[in-house]
């Protein structure tokens, strides 16, 4: 039975909704008043409020279209199986041949990260794009750690390395790092996004991001692009680059084996001793320094490391104190042999 929902009532603006006498705060008087603000599955209800559509529009600056998911990890884990599945293969064959070998040869994906989360390295995207064009492969770029953090205007590794976004078939990213929110996105051609909307279970059945989370993303995008009538975004991008390069250089001067490239805010410090990294993390926390350590099975057993993620909010004093704590605790625990 079709529910009797007054569509016009659902589309009222917040300032038109009923308020208690003498109050400037809107108070919902029925469950229908809350529907536009609820984060629900797409098959249960449409996207939550116009804020959600604004996120799509903002992300479309990179590609012709985009789709948003409620969880960053889910974005990759749900999309990749759909792309390499048989249904996608049937609808995206190049040419009219039914020869299985030909289809398989033309159905290749190269999945890369803008900044590799465990190494801090920036991918060699121009070379990767060139190889993919030569062998007719699709480029899938995961910018979870690079979008909003690198590039002159924060547009990620494509902007940093001068790669045209039209040469990247699928652009993925999350809202949990630079955006301080939740969820993730896929950006690409209109045909690709339309296909994913109809065939990806995570889009059809999973809960979408909430209105406050969507608004957070919109606000950050405006800051990064300078659409907030200030230059805060440009200043933050300069600061995160300076902070990253300063911290990396100081660690190297101390004799640490630091992975990654300049300008990357992700920098793993190789500790190599899996038996002591938990103690190292706890010891740093006693000095009011929260530091993430990574060990097996996330990485090979003897390649244990501490992963530093630099922020534009870190002051130079913060960074110097962190360096002092790291050096003191490494010496105290005799974790690595310093140069």
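Numbering (our numbering), first residue to last: 35 to 373. Each residue gets a CB set at the ideal place from its N, CA and C atoms; glycine is no exception. None of these values were measured; they are calculated from a predicted model.
Going by DSSP, residue 176 is part of the beta strand (DSSP E) stretching over 172-176. Between the region 197-207 and the region 163-178, the count of C-beta pairs closer than 8 Å reaches three or more; the two stretches touch.
For the pair residue 318 and residue 311, the CB atoms are not nearer than the 7 Å cut-off. Look at residue 213 here: in three-state DSSP terms it is coil, with no helix or strand label. A direct Cα-to-Cα measurement between residue 276 and residue 297 gives close to 8 Å. 272 is the residue among 272, 152, 161 whose C-alpha sits nearest the C-alpha of residue 185.
Under DSSP, no beta-bridge partner is assigned to residue 266. Look at residue 207 here: in three-state DSSP terms it is strand. Closest in alpha carbon position to residue 322, among 339, 356, 344, is 356. Scanning 190, 345, 192 for the CA closest to the CA of residue 280 turns up 345. In this structure the region 145-154 lies against the region 162-175, because at least three pairs of beta carbons, one per stretch, are closer than 8 Å.
In this structure, DSSP gives residue 255 a helical state, which the three-state scheme calls helix. By the 16-neighbour rule on beta-carbons within 10 angstroms, residue 110 is buried. Contact between residue 210 and residue 106 holds: their C-beta atoms lie close to 5 Å from each other, under 8 Å.
When only Cα atoms are considered, residue 189 and residue 168 end up about 26 Å apart. Runs of beta strand (DSSP E) with 3 or more residues, each lying fully within the region 285-366, are found at 300-304, 326-328, 339-343, listed in chain order.
Looking at the backbone, the Cα of residue 198 and that of residue 221 are separated by about 14 Å. Taking 8 Å as the upper bound for CB-CB distance, residue 299 and residue 343 are in contact here, some 6 Å apart.
For residue 161, the enclosing alpha helix (DSSP H) begins and ends at 159-168. Contact annotation, residue 191 with residue 157: C-beta distance approximately 6 Å; criterion of less than 8 Å satisfied. Burial state of residue 112 is buried, judged by a 10 Å Cβ sphere holding 16 or more other Cβ atoms. If you look at residue 143, you'll find it in the beta strand (DSSP E) that goes 143-147.
Each residue's CA atom was taken as its position, placing residue 228 and residue 99 some 9 Å apart. In its chain, beyond the 5 residues on either side, 103, 106, 109, 208 have a beta carbon closer than 6 Å to the beta carbon of residue 218. If you draw a straight line from the Cα of residue 320 to the Cα of residue 183, it comes to about 29 Å. DSSP lists no beta-bridge partner residue for residue 181. For residue 263, the number of other beta carbons within 10 angstroms of its own is below 16, and it is reported as exposed. In this chain, the alpha helix (DSSP H) harbouring residue 112 covers 106-118.
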